[in-house]
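In the working numbering, the protein residues as written are 11 to 356. Every residue, glycine too, gets a C-beta built ideally from N, C-alpha and C. The structure displayed is predicted, hence computed values, not measured ones.
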């Protein structure tokens, strides 16, 4: 009986297609003052994102210095995040990426082992093309292998590196047909208007395709929600989980007019603070500190870059410690914006 219950619990923990929708913010990686990963803060961040009403959360993915983490640090972070969300409704999507397909599959295999150890956590994956992919065939081969390893939903991220080709819509649909248990989810972030055209094609392939997530920080998400069939957002803007959760609540209530527009406008105001310390972490860490999620504003920064993103985009894997500093006027404005956000979502 206990073995049967364990199997049922494991099956129940695999997210359903209906749960793979809405804002899935990518968590910023917290660090101690010496640059070591702060796993306790990472766990708090996952739980806080859930408390804010976001249906999903992601770690570790894309640009947030993710390439400066060792495999062992990622494994330990997977474990901390899975433990943090056990018994919660939120979906935890863990990053299966690599400089090559072998690295990607090693991470995917570890994610499956973490899922087995935490059957009450709803765990999915997210994957960008391997960094060494140079053709559609390279991407298809790698993701086809991933489909044979993954036992749970996998979100395809269409942007990899400057040298990696964008996987075609036809390739994405073909893989979803081949591995329907895992594929059919995509973070669409082709350049400019092309992303919208691709979204329309991807959504036309339903029910093979299940959810098309927006990307690029959500700068077109309102348009894509209303007109392109996008029902999700993947963004490295976890500090704004409260407003992302509010946008989604309004959308799910069927609101498509001014109420949805003003919520989205609040989000854009929050993220469009030019002349603040830059990068995808930058001043956002100040807000995570205000929430008590982070303890500091320390980052690993690529040695040959001026911001925390870059990684396999050409900045290398050597890093240095950096700490975001804000002047009094910047802090005053961020305090006002934070208060506006929290008042808005009440």
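Per DSSP, reduced to three states, the secondary structure at residue 194 is coil, with no helix or strand assignment. For the pair residue 220 and residue 24, the Cα-to-Cα distance works out to about 15 Å.
Its chain contains 224 and 243 as the residues whose beta carbon lies nearer than 6 Å to that of residue 231, once the 5 sequence neighbours on both sides are disregarded; these appear in chain order. When the beta-carbon positions are compared, residue 40 and residue 56 stay at least 8 Å from each other.
Secondary structure note for residue 242: its beta strand (DSSP E) is the uninterrupted segment 242-245. In the three-state scheme derived from DSSP, where H, G and I count as helix and E and B as strand, residue 37 is classed as coil. Between residue 314 and residue 137, the alpha-carbon positions lie close to 25 Å from each other. Separation of residue 163 and residue 120 (C-alpha to C-alpha, rounded to the nearest whole angstrom) is 15 Å.
Taken through DSSP and simplified to helix, strand or coil, residue 258 comes out as helix. The Cβ neighbour count for residue 258, taken over all protein chains shown within 10 Å, is at least 16; the residue is labelled buried.
As computed with DSSP, residue 69 is found in a beta bridge with 104. Between the region 334-353 and the region 296-310 there are three or more inter-stretch CB-CB distances shorter than 8 Å, so the stretches are counted as touching.
About 6 Å separates the beta carbons of residue 245 and residue 35, which is inside the 8 Å limit, making them a contact pair. The Cβ neighbour count for residue 174, taken over all protein chains shown within 10 Å, is at least 16; the residue is labelled buried. With contacts defined as CB atoms closer than 8 Å, residue 268 and residue 260 fail to qualify as a contacting pair.
Taking residue 70 as the centre and dropping the five residues before and after it, the same chain places the C-beta of 39, 76, 79, 84, 87 and 105 closer than 7 Å to its C-beta, in chain order.
Nearest C-alpha to residue 328 among 311, 335 and 334: 311. In this structure residue 237 is exposed. Its beta-carbon is surrounded by fewer than 16 other beta-carbon atoms within 10 angstroms. By the beta-carbon neighbour count (other beta carbons within 10 angstroms, threshold 16), residue 337 is exposed.
Taken in chain order, the unbroken stretches of beta strand (DSSP E) that lie wholly in the region 322-349 and span 3 residues or more are 329-333.
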